[in-house]
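This report concerns only the one structure given below.
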Amino acid sequence: LEHAPELPWSGTWLNLTNVTLTSDPWRGIDTSIASTQQRYYRARQLNFAPDSFAGKTVVATVTNAGPFVVTLVFAAHTVTETNGGDVQTGTYSYSRTSPVMAMLNEWLTSPPDVAGDASQTQLTFTSPAGGTFVSISYADPGDLPETALGTFQISDTP
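Everything in the sequence shown is counted per this note's numbering, starting at 222 for the first residue and increasing by one.
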């Protein structure tokens, strides 16, 4: 929810931080103001997750191991992943699952030692520019999957 002191309001709507639902309709929902003050409220739909990753660059910081940074550059159906000096390529699928969440699946094709490795990542967008992620990576069939947690920033690829 956001609030403004008057309507029409040409200024910046302010985030509402103190919300208490009460049975008193005269008190309102903002406990930080006197009951005699007038405020105007609006609820906005968050719409942070993009429809596609094609043409995007993601810089992910893994925080549960390291920390270390991975840069991913997405084309129409391929991804190039750089971790330090190591470069890996593969294919991906991206699916927006809600206005603030998405699933990213990757299948690496090169270099040969990682060909066939796969990962599934849940992205939570806290803004249009980034958010948090949980990723599960699968390598060799006999190995246990690895989990990575962290934050990411997304931008248009230059």
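Beta carbons: idealized from backbone N, C-alpha and C, even for Gly.
These figures come from a predicted structure and were not determined experimentally.
Restricting attention to 319, 351 and 364, the CA atom closest to the CA of residue 371 is found in 351.
Residue burial annotation: residue 342 is buried, with at least 16 other C-beta atoms found within 10 angstroms of its C-beta.
Note on the segment 291-375: whole beta strand (DSSP E) runs with a minimum of 3 residues are 299-304, 307-319, 322-331, 339-348 and 351-359, in chain order. Separation of the CB atoms of residue 329 and residue 309 is rounded to 5 Å, and the pair is thereby assigned contact status at 8 Å.
For the pair residue 312 and residue 332, the Cα-to-Cα distance works out to about 13 Å. One alpha carbon belongs to residue 268, the other to residue 349, and they sit about 8 Å apart. When the beta-carbon positions are compared, residue 270 and residue 323 come within less than 8 Å of each other. In this structure, DSSP gives residue 378 a state outside helix and strand, which the three-state scheme calls coil.
Per the C-alpha coordinates, the member of 317, 274, 289 and 318 positioned closest to residue 299 is 274.
Each residue's CA atom was taken as its position, placing residue 345 and residue 280 some 14 Å apart. Burial check for residue 367: the Cβ neighbour count within 10 Å stays below 16, so the residue is exposed.
The Cβ atoms of residue 317 and residue 272 lie closer than 8 Å to each other.
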